[in-house]
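S.K.: Dumping the structure here so I can ask a few things about it.
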Amino acid sequence: MATIIKQPSITIKCSNPTKNVEPIVCMAVESNTKQWPTNMIWFYSNTANLSKDNFMPSNHLQTTLSDTLNYFPMLAGRIIEDEKGNVTVHLTNEGVLYTEAECPNQTMDYFIPRTLSDEEFDYEHINTSNLVLKVNNDWTGPCVSILVTRLKCNSVILSISGFHCFFDPHAMSHFINTWASAKPPEPMPMFDKTFVLYPTEEQRRCISSLTRPKDCVFNRDINQSSDSRFAEAQQQQRVICKVYFFSTDELKNLKKEASKSLPESIDYISTYDALYAHMILVIAQATQTSLTDNIKILQSFNGRSRFVSSCSPAVLNYFGSFPFWLYGKIPSDREPTLSSLAQIIHEMYSKQTEHSLRDYNAYLMSGDGDIKKNLVDADLFNRDFHCASWRKVNLLGAKFGNSGYPIYNGPTDVLYPRYFEVMDAHVNDESINIILGLREQDYERMIQQNLIHKYR
Numbered sequence: 312m313a314t315i316i317k318q319p320s321i322t323i324k325c326s327n328p329t330k331n332v333e334p335i336v337c338m339a340v341e342s343n344t345k346q347w348p349t350n351m352i353w354f355y356s357n358t359a360n361l362s363k364d365n366f367m368p369s370n371h372l373q374t375t376l377s378d379t380l381n382y383f384p385m386l387a388g389r390i391i392e393d394e395k396g397n398v399t400v401h402l403t404n405e406g407v408l409y410t411e412a413e414c415p416n417q418t419m420d421y422f423i424p425r426t427l428s429d430e431e432f433d434y435e436h437i438n439t440s441n442l443v444l445k446v447n448n449d450w451t452g453p454c455v456s457i458l459v460t461r462l463k464c465n466s467v468i469l470s471i472s473g474f475h476c477f478f479d480p481h482a483m484s485h486f487i488n489t490w491a492s493a494k495p496p497e498p499m500p501m502f503d504k505t506f507v508l509y510p511t512e513e514q515r516r517c518i519s520s521l522t523r524p525k526d527c528v529f530n531r532d533i534n535q536s537s538d539s540r541f542a543e544a545q546q547q548q549r550v551i552c553k554v555y556f557f558s559t560d561e562l563k564n565l566k567k568e569a570s571k572s573l574p575e576s577i578d579y580i581s582t583y584d585a586l587y588a589h590m591i592l593v594i595a596q597a598t599q600t601s602l603t604d605n606i607k608i609l610q611s612f613n614g615r616s617r618f619v620s621s622c623s624p625a626v627l628n629y630f631g632s633f634p635f636w637l638y639g640k641i642p643s644d645r646e647p648t649l650s651s652l653a654q655i656i657h658e659m660y661s662k663q664t665e666h667s668l669r670d671y672n673a674y675l676m677s678g679d680g681d682i683k684k685n686l687v688d689a690d691l692f693n694r695d696f697h698c699a700s701w702r703k704v705n706l707l708g709a710k711f712g713n714s715g716y717p718i719y720n721g722p723t724d725v726l727y728p729r730y731f732e733v734m735d736a737h738v739n740d741e742s743i744n745i746i747l748g749l750r751e752q753d754y755e756r757m758i759q760q761n762l763i764h765k766y767r
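Counting from 312, one number per residue, gives the positions in the sequence shown under our numbering.
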């Protein structure tokens with residue numbers, strides 16, 4: 312068991328606060344993220360056995376954080392939510408929460424065993440060790456909470472918890488890489504949100520009567536009680552969460568198999584498409600889920616690239632939360648294959664345009680405009696599938712002085728079954744980790760049948 316001794320928290324403010332204190336009104340797709348704060352963790356190994364005063368020293372972290380907040384001033388502000396769930400950020404410079412902690416009885420190996428790179432490791436010690444100080448889930452208090460935990464070996468575990476309206480993986484990477492560099496952001500973040508809004512008054516007048524976009528997982532017309540499936544944090548059966556390693560060769564084999572018999576409408580299948588399709592088959596077999604029973608596939612799509620042609624490449628540097636949660640249904644008239652599932656996944660996001668994403672954002676505030684009416688129309692824990700991908704956003708690139716690159720980045724905890732995340736690609740060879748939780752009986756079935764590494 313890891314003993315975590317936290318010091319009193321302090322607040323870190325912008326060292327040179329902005330003179331522009333105009334409040335920032337979040338777009339609907341951001342205000343809609345209240346239920347899901349972003350909680351990420353990085354592990355920095357002190358391989359040179361430096362003292363804690365020489366390895367990611369506290370004064371340096373705090374000073375550079377204060378300077379970094381000058382470029383991301385909303386993180387040091389505070390949120391106001393109106394009666395319909397719309398979020399406004401006030402640039403008050405009240406600061407982010409910063410906490411130091413010590414773990415005097417464990418080294419890095421307790422959390423991440425230094426074994427062969429192609430072996431799995433259990434997430435239980437990360438899940439149960441209180442390595443994050445989470446922000447409030449009601450939009451109150453600091454928008455960001457940072458916990459720096461120093462281990463017995465003077466290695467460091469860094470966790471960041473933040474309101475999801477600020478952070479998707481892309482924005483989180485922009486922030487932590489800027490902080491780690493101790494330099495101004497490169498590129499500079501973009502904060503203007505107007506590019507996602509309807510450009511004409513005629514379109515804006517139609518928002519109240521919008522119908523649900525075909526691929527939008529949120530439904531404004533379902534019963535509140537039907538969303539109770541999201542509250543099932545405590546499962547009857549123990550959930551086993553582990554990290555699994557996929558080598559570049561294994562991913563190539565997967566992609567090759569998934570790319571067979573493609574229709575003319577699809578030019579290629581990505582590594583993500585193939586891996587997600589593979590994991591659907593793995594989880595379905597492990598959980599004995601029938602894939603011909605109107606099953607939904609959910610995914611988050613980073614919509615920034617769709618607005619480049621109509622706006623500018625600066626949209627790629629938009630700082631905020633811009634994942635559009637999409638879904639598609641697996642056809643129920645035939646058993647799916649790796650290739651057919653990969654095609655569904657690929658088509659779901661590839662057909663999105665700036666127009667479809669504007670419609671999606673507008674739908675979330677349609678009717679009476681109450682954001683709180685947007686409920687997830689899926690059963691994530693028992694029958695449907697969801698993957699969150701953190702690939703290719705450079706979350707493993709944050710190097711604090713002599714810290715070296717993090718040896719692992721992932722969620723601060725994983726408690727739910729079936730849901731899984733694809734981590735960022737390793738810098739040296741594009742291999743990746745995924746993290747998956749399964750109920751104990753399903754996990755044992757997956758291991759016995761050797762499902763997960765079929766293409767190794």
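For glycine and all other residues, C-beta sits at the position ideal for the given N, C-alpha and C.
1. Where does the unbroken alpha helix (DSSP H) through alanine 569 begin, and where does it stop?
2. Look at the alpha carbon of serine 651 and the alpha carbon of histidine 401, and state the distance between them as a whole number of angstroms.
3. For glutamate 286, count the other beta carbons within 10 Å of its own beta carbon; 16 or more makes it buried, fewer makes it exposed. Which is it?
4. Along the chain, where does the alpha helix (DSSP H) containing tryptophan 490 start, and where does it finish?
5. How would you call serine 356, buried or exposed, if buried means at least 16 neighbouring beta carbons within 10 angstroms?
6. Let me make sure I understand the geometry here. Which of Ile315, Asp503, Ser320, His371 has the alpha-carbon closest to that of isoleucine 335?
7. Taking only runs that begin and end inside the segment 315-390, name each unbroken beta strand (DSSP E) of 3 or more residues, in chain order.
8. Identify whether proline 634 lies in helix, strand or coil by the three-state DSSP scheme.
9. What's the gap between the Cα of aspartate 449 and the Cα of isoleucine 551?
10. Report the CB separation of leucine 691 from aspartate 735 in whole angstroms; it is logged as a contact under 8 Å.
11. Use the C-beta contact count for isoleucine 316: other C-beta atoms within 10 angstroms, 16 or more gives buried, fewer gives exposed.
12. Check the C-beta distance from phenylalanine 466 over to methionine 419 and give it rounded, since I have them as a contact under 8 Å.
13. Nearest to glycine 823 by alpha carbon, out of Leu749, Lys567, Trp347?
14. Does the segment 390-408 come into contact with the segment 322-330, if we say contact requires no fewer than three beta-carbon pairs (one atom in each stretch) closer than 8 Å?
15. Smallest Cα separation from valine 725: which of Thr349, Ala313, Val332?
16. Between Gly388, Thr375, Asn672, Pro634, which lies nearest to tyrosine 660 when the distance is taken from Cα to Cα?
17. Consult DSSP for asparagine 720 and reduce its assignment to one of helix, strand or coil.
18. Here's the rule I'm using: 16 or more other beta-carbon atoms within 10 Å means buried, otherwise exposed. How should tyrosine 579 be labelled?
19. Less than 9 Å separating the beta-carbons of aspartate 378 and alanine 491?
20. Does the count of Cβ pairs from the segment 377-393 and the segment 439-458 closer than 8 Å reach three?
21. Quick check on the burial criterion: 16 or more other C-beta atoms within 10 angstroms. Buried or exposed for histidine 666?
22. Which word fits glutamine 760, buried or exposed, when buried means at least 16 other C-beta atoms lie within 10 angstroms of its C-beta?
23. Just to confirm, is the Cβ distance from leucine 675 to arginine 531 under 9 Å?
24. Can you tell me where the beta strand (DSSP E) holding leucine 469 begins and where it ends?
25. State the DSSP-derived secondary structure class of glutamine 610, mapped to helix, strand or coil.
26. Residues in the same chain with beta-carbon distance under 7 Å from lysine 445, minus the five sequence neighbours each way, listed in chain order, please.
27. What residues are listed by DSSP as bridge partners for histidine 258?
28. What is the DSSP secondary structure of lysine 683, reduced to helix, strand or coil?
29. Quick one: is valine 332 buried, meaning 16 or more other Cβ sit within 10 Å of its Cβ, or exposed?
30. So is cysteine 517 buried or exposed if we call it buried at 16+ other beta carbons inside 10 Å?
31. Beta-carbon within less than 8 Å of glutamine 596's beta-carbon, same chain only, minus the 5 sequence neighbours each way: which residues are those?
32. Taking its Cβ as the centre, do 16 or more other Cβ atoms sit within 10 Å of glycine 639, making it buried, or is it exposed?
33. Does the segment 601-614 come close enough to the segment 564-581 that 3 or more CB-CB pairs lie under 8 Å?
34. For the alpha helix (DSSP H) containing glutamate 665, name the first residue and the last one.
35. Alpha carbon to alpha carbon, how far is aspartate 560 from arginine 767?
36. Taking 8 Å as the limit between beta carbons, can you name the residues of its chain near alanine 585, skipping five residues before and five after?
M.R.: Let's see:
1. Numbered from its first residue, the sequence shown carries residue 569 at position 258. Start and end: 559-569.
2. In the sequence shown, the residue the question calls residue 651 occupies position 340. In the sequence shown, the residue the question calls residue 401 occupies position 90. For serine 651 and histidine 401, the distance between alpha carbons rounds to 47 Å.
3. Since the first and last residues shown for the chain are 312 and 767, residue 286 lies out of range.
4. By one-based count along the sequence shown, residue 490 stands at place 179. Taken as a continuous stretch (DSSP letters only), the alpha helix (DSSP H) holding tryptophan 490 covers 480-492.
5. What you label residue 356 is simply residue 45 of the sequence shown in a count that begins at 1. Classification for serine 356: buried.
6. Sequence index remark: in the sequence shown, residue 335 carries index 24 (1-based). Comparing Cα-Cα distances from isoleucine 335 to each of Ile315, Asp503, Ser320, His371, the minimum goes to Asp503.
7. 321-323, 349-355
8. Counted from its first residue, the sequence shown places residue 634 at position 323. Residue state, collapsed to three classes: strand.
9. Mapped onto the sequence shown, residue 449 falls at position 138. Mapped onto the sequence shown, residue 551 falls at position 240. Between aspartate 449 and isoleucine 551, the C-alpha separation is close to 29 Å.
10. Within the sequence shown, residue 691 is the residue found at index 380, counting from 1. Within the sequence shown, residue 735 is the residue found at index 424, counting from 1. Contact doesn't hold; Cβ gap of about 23 Å is too wide.
11. The count along the sequence shown starts at 1 and reaches residue 316 at position 5. Exposed: under 16 other Cβ atoms inside 10 Å.
12. The sequence position of residue 466 within the sequence shown is 155, counting from 1. The sequence position of residue 419 within the sequence shown is 108, counting from 1. Checking the displayed sequence, the identity of residue 466 turns out to be serine instead of phenylalanine. With a Cβ gap of about 5 Å, serine 466 and methionine 419 count as contacting.
13. Nothing about residue 823 can be read from this structure; the chain reaches only from 312 to 767.
14. yes
15. One-based indexing of the sequence shown puts residue 725 at position 414. Considering only alpha carbons, the answer is Thr349.
16. Start at 1 with the first residue of the sequence shown, and residue 660 comes out as number 349. Residue Pro634 is the option with its Cα nearest to tyrosine 660.
17. Here residue 720 refers to the residue found at position 409 when the sequence shown is read from its first residue. Looking at asparagine 720 - three-state DSSP - the assignment turns out to be strand.
18. On the sequence shown, residue 579 is found 268 positions in, with the first residue counted as 1. By the neighbour-count rule (16 or more Cβ atoms within 10 Å), tyrosine 579 is not buried but exposed.
19. Here residue 378 refers to the residue found at position 67 when the sequence shown is read from its first residue. Here residue 491 refers to the residue found at position 180 when the sequence shown is read from its first residue. The answer is no: Cβ separation not under 9 Å.
20. yes
21. Indexing the sequence shown from 1 puts residue 666 at position 355. Exposed.
22. Here residue 760 refers to the residue found at position 449 when the sequence shown is read from its first residue. Burial call: exposed.
23. For the purposes of this step, residue 675 is taken as residue 364 along the sequence shown, with counting starting at 1. For the purposes of this step, residue 531 is taken as residue 220 along the sequence shown, with counting starting at 1. Yes, these two residues count as a Cβ contact at 9 Å.
24. As a working mapping, residue 469 is identified with position 158 in the sequence shown. Its beta strand (DSSP E) spans residues 467-473.
25. For this step, residue 610 is matched to residue 299 along the sequence shown. DSSP places glutamine 610 in strand when its eight states are reduced to three.
26. Mapped onto the sequence shown, residue 445 falls at position 134. Only Pro348, Asn350, Ser456, Ser472 meet the Cβ criterion.
27. With the chain represented from 312 up to 767, any question about residue 258 goes unanswered, as that position is not in the structure.
28. Reading the sequence shown from its first residue, position 372 is the one you call residue 683. It is helical.
29. Your numbering for residue 332 matches position 21 in the sequence shown. The residue is exposed, with fewer than 16 neighbouring Cβ atoms inside 10 Å.
30. Translated into the one-based positions of the sequence shown, residue 517 becomes position 206. Answer is exposed; the Cβ neighbour count stays below 16.
31. Here residue 596 corresponds to residue number 285 of the sequence shown, with the count starting at 1. Result list for glutamine 596: Arg756, Met757, Gln760, Leu762, in chain order.
32. Within the sequence shown, the letter at position 328 stands for residue 639. It is buried - the Cβ of glycine 639 has at least 16 other Cβ atoms within 10 Å.
33. no
34. By one-based count along the sequence shown, residue 665 stands at place 354. Counting along the chain, the alpha helix (DSSP H) containing glutamate 665 begins and ends at 665-674.
35. The sequence position of residue 560 within the sequence shown is 249, counting from 1. The sequence position of residue 767 within the sequence shown is 456, counting from 1. About 7 Å.
36. Counting from one through the sequence shown, the residue named residue 585 turns up at place 274. Excluding sequence neighbours, alanine 585 sits near Leu562, Leu565, Lys566, Glu568, Ala569, Ser570, Leu649, Ala653.
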